[in-house]
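Here is the structure we will look at, set down as structure tokens.
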Amino acid sequence: MHIPDGYLSPSTCAALYAGAMPFWLIALKKVQQRLKTRFVPLISLVSAFCFVVMMFNIPLPGGTTAHAVGVGIAAIVLGPWASILAISVALFIQAVFFGDGGISSYGANCFNMAIVGSLVAYAVYRLISGQAPLQSPRRVIAASVASYLGINVSALCAAIEFGIQPRFFHDISGIPLYAPYPLSVAIPAMMIGHLSFAGIAELMISGGLVAWLQRTNSSLLKLTAPGLMENDKSPQAPSWIALRWFWIGLAALMIATPIGLLAAGSAWGEWDANDFKKPEMRQEIAATSQNMAPPENPPAGLERLSTLWSAPFPDYAPAFLKNKNLGYMLSAMFGTGLIIFVCLLTSWVLRLGGNHSARQPI
Amino acid sequence: MKKRPTGFIERTIGSLADALEHAAIAETHAETGGLLQSLDPRVKLFGLLALILTAISVKKETVTLAILAVAVGLAFFSRIPLRLLTTRVWLGVFILTGTIAFPAIFMIPGEPLYRLPLLHWTVTEQGVYTALRLVSRAETAATLAILMVLTTPWTHLLKAMRVFHLPVVLVVILGMTHRYLFLLLHTTTNYFEARRCRLVGELDGQARRQLLAASTGVLFERSLQLSEEVFLAMQARGFRGEVFILNEFKINRRDWVALGAFIAAMILAFWADHS
Amino acid sequence: MTQRSVFELSSVNYRYPEATALDGITLTIAGNERIALLGANGSGKSTLLRILAGLALPSGGSITFCEEPLTEERLADETFSRQFRRRVGMVFQNSDVQLFNPTVFDEVAFGPLQLGWTKPEILERVDAQLNALDIFPLKHRSPHRLSGGEKKRVALASVLVLDPDVLLIDEPTAALDPKSQGQIIDFLFGCAGKKTVITATHDLSIIEDIADRCVILENGRGVGDAAPHSILHDWELLQRAHLVHIHRHRHGTSEVHAHPHVHGRHQH
Chain A
514 MHIPDGYLSP STCAALYAGA MPFWLIALKK VQQRLKTRFV PLISLVSAFC FVVMMFNIPL
574 PGGTTAHAVG VGIAAIVLGP WASILAISVA LFIQAVFFGD GGISSYGANC FNMAIVGSLV
634 AYAVYRLISG QAPLQSPRRV IAASVASYLG INVSALCAAI EFGIQPRFFH DISGIPLYAP
694 YPLSVAIPAM MIGHLSFAGI AELMISGGLV AWLQRTNSSL LKLTAPGLME NDKSPQAPSW
754 IALRWFWIGL AALMIATPIG LLAAGSAWGE WDANDFKKPE MRQEIAATSQ NMAPPENPPA
814 GLERLSTLWS APFPDYAPAF LKNKNLGYML SAMFGTGLII FVCLLTSWVL RLGGNHSARQ
874 PI
Chain B
655 MKKRPTGFIE RTIGSLADAL EHAAIAETHA ETGGLLQSLD PRVKLFGLLA LILTAISVKK
715 ETVTLAILAV AVGLAFFSRI PLRLLTTRVW LGVFILTGTI AFPAIFMIPG EPLYRLPLLH
775 WTVTEQGVYT ALRLVSRAET AATLAILMVL TTPWTHLLKA MRVFHLPVVL VVILGMTHRY
835 LFLLLHTTTN YFEARRCRLV GELDGQARRQ LLAASTGVLF ERSLQLSEEV FLAMQARGFR
895 GEVFILNEFK INRRDWVALG AFIAAMILAF WADHS
Chain P
23 MTQRSVFELS SVNYRYPEAT ALDGITLTIA GNERIALLGA NGSGKSTLLR ILAGLALPSG
83 GSITFCEEPL TEERLADETF SRQFRRRVGM VFQNSDVQLF NPTVFDEVAF GPLQLGWTKP
143 EILERVDAQL NALDIFPLKH RSPHRLSGGE KKRVALASVL VLDPDVLLID EPTAALDPKS
203 QGQIIDFLFG CAGKKTVITA THDLSIIEDI ADRCVILENG RGVGDAAPHS ILHDWELLQR
263 AHLVHIHRHR HGTSEVHAHP HVHGRHQH
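So the sequence lines, in the order shown, correspond to chains A, B and P.
Quick note on our numbering: the first sequence kicks off at 514 and runs consecutively.
Quick note on our numbering: the second sequence kicks off at 655 and runs consecutively.
Quick note on our numbering: the third sequence kicks off at 23 and runs consecutively.
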């Protein structure tokens, strides 16, 4: 999902370069501090490794192949900051030397994949693996889920960057100058490929690597498992049992949301200002409101508010797809993904403040 | 056209070989004499980046295509064959960007041009212009970018980036990554080719995953081991943590003229765009 | 170089968690000696070389360089470290590890840059060194485009540019074609009387040309220390150190038998 040149406006590109810069600077500083003299050769070789991994054709169930970015790998084995650097370096060489990914969009690509991807993957890995022993299968699962989520949140960021282009950058007649698809198209279009193929490829390569390292050289996994050897008072991650029910519950919720469509008419309260003017909708509103007739004109406040946030998913059905249920499910995934991301980021930030064990990963 | 390889091992070997081939081509062309090759790398970097920025900022397709024409002209005078540009840049960008841009011809509202027979989707004039704009912009930027790489040795390109205040340590890291990239590409290719020779028949899903895990793992450990040994080699030659670079760049009058030309082209493009 | 001892090792050990690489090595190396460190793979010769190069610290015992102790603290001191690195050069077995810079020019210039030489000095000395080893045309080449022999010469150049007094060379002829091997051997031959050279190798066919003294290691222990000529006739020692092999071979056109031997025949 390397964004090429010409799809993001110069101001979007500049904004994302600016957004990436603090992370780059912090990563550089932290990694230099931690690795000291080993910094140069280690980051160089890991970047070269990441680059080669990006060229692997990963066999997917069904016979096709896909490429992975490897956001999970570096973050899980070396920590988020080293991962930010290594993947940024690999992306630079890909973009400049090999022409894979734009030059103006390099900041955006790094922001999405190297920065957001690494941070999300690391946070999820730490959350799920908790205090599990280095050899436990829980770590393999943690690595797989972490990479899967990492790449999907990256794709979501890219999709949002694409999707806001037509809104902000168009010529006088409203024709988009850059990426022409609104969020309602960009998000499902990007997410379908990543929730399926690309995500599975990431999952396989990260899970595979962690499983392999567990068998051959598990000490390499120590760096991102601080506090494991010393039984210190680091905050307890939620136990696996509790977490498993959380994920199952979430999955059930996502699948069950189309059932909401089947429920009588429209969800109560989720009408927009125009619905008040249409006769059929007025009947429905009355029916679900214990037969009280709705006002003739939409309430002024509702009218003003409903245009403020023109939901990217009018009626939850993106125009791009014909199947309402699929659209509904994807919207739910998008919504939950966003929620998960925010929760994880918050908990990670909070934990950063508290945990200062000597073996902090980089 | 290359024959399509089957199987993920074949495809991976193909991807790796392609990368090696690309590097060989870049190095060959960077060493021949030509217009861009003879310029100071800093001027070249600044000029080409300025043109890329211009190409993505202008709104008129005609201006973008004019910049593309300039790029093609520069390529010609730098002895870069058009055939190379076609196979290495234009075709790939057209397929990628074209695929992304294609639905736009139906989706952008405007003057209808043509109506598809079975699906009744309408192709609009504005849609076609949008798609064209996207593709031409992407092609122009990609052409300018590859000119940078085809006419400048990688290490010069990196050292030239010091002009943009890229920290020395990153210049060194980018150089070292690039250098070891090829070693790892070779090692990995050998690994996969050895596996391929030993295979009889197709692998099942489980075996494929095992092979993937093993190849990733082996590559990772080799990378770490190499980094340790390189570290020793660096120390043996006096490395104590600080890195230095030495460049032999000298700007002459010709470079200043070229710089002027790049800036003039940029100004001209923006003026044409606004008038 | 004065005739005082260059290196003095006293009961040097080097231990890994699971194994011992060196055990009780006691050795004195004088100035301008050419020594061949002989031993099979795993005998500890690479480890010993690294300790001499100041890249590894012994787990036990002591080592001095020019009659001053070589310790972690001293190596951490910038002035001493600079001096040491200039005077002691190491050529690694795997040239890909030694050639970590993007081009041959950058590689040969690395050492001088680290030691703080001025730009004109560096440019001049690098060119001179490239010419001396006949690799000037490769100046702007990347390492991955070099052949094995070319890489070895660049590796040598990158070390020789500093004009070291001591050369530590790990398996110089391994994986080289005969012509390149010949060039290396010629070079080592020419070092006689000018530099202290310690070469780790298991190739018995070259030791008479590259060394005046052989130190044999077996399983991390010193088991022999004599001139090449005597070593080559001590079959028992050579077998014990796994430096000779036994397999069936021909003598002339008809006789086939097996006994310990060293490969190599030449004509005058």
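Backbone N, C-alpha and C fix where the C-beta goes; we use that ideal spot for every residue, glycine too.
Quick caveat, the model's predicted, so the values are computed rather than measured.
Beta-carbon proximity list for residue i, same chain, < 8 angstroms, skipping 5 on both sides
{"i": "B:Ala725", "result": "Leu705, Thr794, Thr797, Leu798 and Leu801"}
{"i": "P:Ala280", "result": "Ile268, His269, Arg270 and His271"}
{"i": "P:Ser33", "result": "Gly46, Ile47, Thr48, Gly82, Gly83 and Ser84"}
{"i": "A:Gly720", "result": "Val653, Ile654, Ala656, Ser657 and Ser660"}
Reference residue i, options the options, closest by Cα
{"i": "P:Ala249", "options": "P:Val176, P:Met112, P:Asp234 and P:Phe29", "result": "P:Asp234"}
{"i": "P:Gly111", "options": "P:His281, P:Ala197 and P:Pro134", "result": "P:Pro134"}
{"i": "B:His676", "options": "A:Val584, A:Gln607, A:Ser524 and A:Ser601", "result": "A:Gln607"}
{"i": "A:Lys543", "options": "A:Ser522, A:Phe569, A:Ile597 and A:Met568", "result": "A:Ile597"}
{"i": "B:Ile710", "options": "A:Ile616, A:Gln545, A:Val666 and A:Arg728", "result": "A:Ile616"}
{"i": "B:Leu699", "options": "B:Thr831, B:Pro807, B:Leu837 and B:Asp858", "result": "B:Pro807"}
{"i": "A:Met568", "options": "B:Leu886, B:Ile667, B:Leu703 and B:Ile749", "result": "B:Ile667"}
{"i": "A:Leu708", "options": "A:Ala672, A:Tyr530 and A:Gln546", "result": "A:Ala672"}
{"i": "P:His251", "options": "P:Ile232, P:Thr69 and P:Arg163", "result": "P:Ile232"}
{"i": "A:Gly474", "options": "B:Cys851, B:Gln860, B:Gly727 and B:Arg787", "result": "The structure shown does not extend to residue 474 of chain A, since chain A spans only 514 to 875, so no value can be given for it."}
{"i": "B:Leu922", "options": "B:Ala684, B:Ile721, B:Arg769 and B:Val872", "result": "B:Ile721"}
Within-8 angstroms CB hit, residue i to chain B
{"i": "A:Pro646", "result": "no"}
{"i": "P:Val119", "result": "yes"}
{"i": "A:Gly721", "result": "yes"}
{"i": "P:Thr125", "result": "yes"}
{"i": "A:Met514", "result": "no"}
Whether residue i touches residue j by CB criterion (8 angstroms)
{"i": "P:Val54", "j": "P:Gly246", "result": "The sequence shown places Asn at residue 54 of chain P, not Val. Going by C-beta atoms, P:Asn54 is not nearer than 8 angstroms to P:Gly246."}
{"i": "A:Val653", "j": "A:Ala587", "result": "no"}
{"i": "A:Ile628", "j": "A:Ile718", "result": "no"}
{"i": "A:Ser560", "j": "A:Val602", "result": "yes"}
{"i": "A:Val565", "j": "B:Leu839", "result": "yes"}
{"i": "A:Arg664", "j": "A:Val582", "result": "The identity of residue 664 of chain A in the sequence shown is Ile, whereas the question assumes Arg. A contact, by the Cβ cut-off of 8 angstroms."}
{"i": "P:Val126", "j": "P:Val183", "result": "no"}
{"i": "P:Ala222", "j": "P:Leu59", "result": "yes"}
{"i": "B:Thr784", "j": "A:Ile688", "result": "yes"}
{"i": "B:Ala792", "j": "A:Pro517", "result": "yes"}
{"i": "A:Leu604", "j": "A:Met626", "result": "yes"}
{"i": "P:Leu168", "j": "P:Leu160", "result": "yes"}
Cutoff 8 angstroms: residue i Cβ touching any chain P Cβ
{"i": "B:Gln860", "result": "no"}
{"i": "B:Glu875", "result": "no"}
Residues near residue i by beta carbon distance below 7 angstroms, same chain, minus five either side
{"i": "P:Arg109", "result": "Pro186, Asp187 and Val188"}
C-beta neighbour in chain A for residue i, strict 8 angstroms
{"i": "B:Trp744", "result": "no"}
{"i": "B:Gln930", "result": "Residue 930 of chain B lies beyond the stretch modelled for chain B, which goes from 655 to 929, so this question has no answer here."}
{"i": "B:Gly687", "result": "no"}
{"i": "B:Arg733", "result": "no"}
{"i": "B:Gly895", "result": "yes"}
{"i": "B:Ala796", "result": "yes"}
{"i": "B:Ala867", "result": "yes"}
6 angstroms Cβ shell around residue i - same chain, five flanking residues per side excluded
{"i": "A:Trp594", "result": "Ala540, Lys543, Val544 and Ile875"}
{"i": "A:Ser522", "result": "Phe682 and Tyr691"}
{"i": "B:Leu674", "result": "Leu839"}
{"i": "P:Leu97", "result": "Gly76 and Ser103"}
Cβ-heavy atom distance, residue i to the ligand SAH, below 7 angstroms
{"i": "A:Asp684", "result": "Among the components of this structure there are no ligands whatsoever, and the ligand SAH is therefore not found."}
Using a Cβ-Cβ cut-off of less than 7 angstroms, give me the residues of the segment 803-815 of chain B that come near chain P, in sequence order. Pro807, Trp808 and Thr809
Using a Cβ-Cβ cut-off of less than 7 angstroms, give me the residues of the segment 532-550 of chain A that come near chain B, in sequence order. For the segment 532-550 of chain A, the beta-carbon criterion of a distance under 7 angstroms to any beta-carbon of chain B is satisfied by Lys549 and Thr550.
Interfacial residues, the segment 135-160 of chain P to chain B, with Cβ spacing under 8 angstroms: If the cut-off is 8 angstroms between Cβ atoms, the segment 135-160 of chain P has Leu135, Gln136, Leu137, Lys141, Ile144 and Leu145 near chain B.
When Cβ atoms are compared, which residues of the segment 660-679 of chain B fall closer than 7 angstroms to chain A? So the list reads Phe662, Arg665, Thr666, Ser669, Leu670, Ala673 and His676, given in the order they occur along the chain.
Any residues in the segment 563-588 of chain A with a beta carbon nearer than 7 angstroms to a beta carbon of chain B? Which ones, in chain order? Phe564, Val565, Val566, Met568, Phe569, Asn570, Ile571, Pro572, Pro574 and Thr578
Taking a Cβ distance cut-off of 8 angstroms, strictly less, list which residues of the segment 92-105 of chain P are near chain B, in chain order. Glu100, Ser103 and Arg104
Short of 7 angstroms Cβ to Cβ, which residues in the segment 882-916 of chain B face chain P? Glu883, Val884, Leu886, Ala887, Met888, Gln889, Ala890, Arg891, Gly892, Phe893, Arg894, Phe898 and Leu900
Closer than 7 angstroms, Cβ to any Cβ of chain B: which residues of the segment 184-213 of chain P, in chain order? none
The segment 828-840 of chain B: positions lying closer than 8 angstroms to chain P by Cβ: Gly829, Met830, His832, Arg833, Tyr834, Phe836, Leu837 and His840
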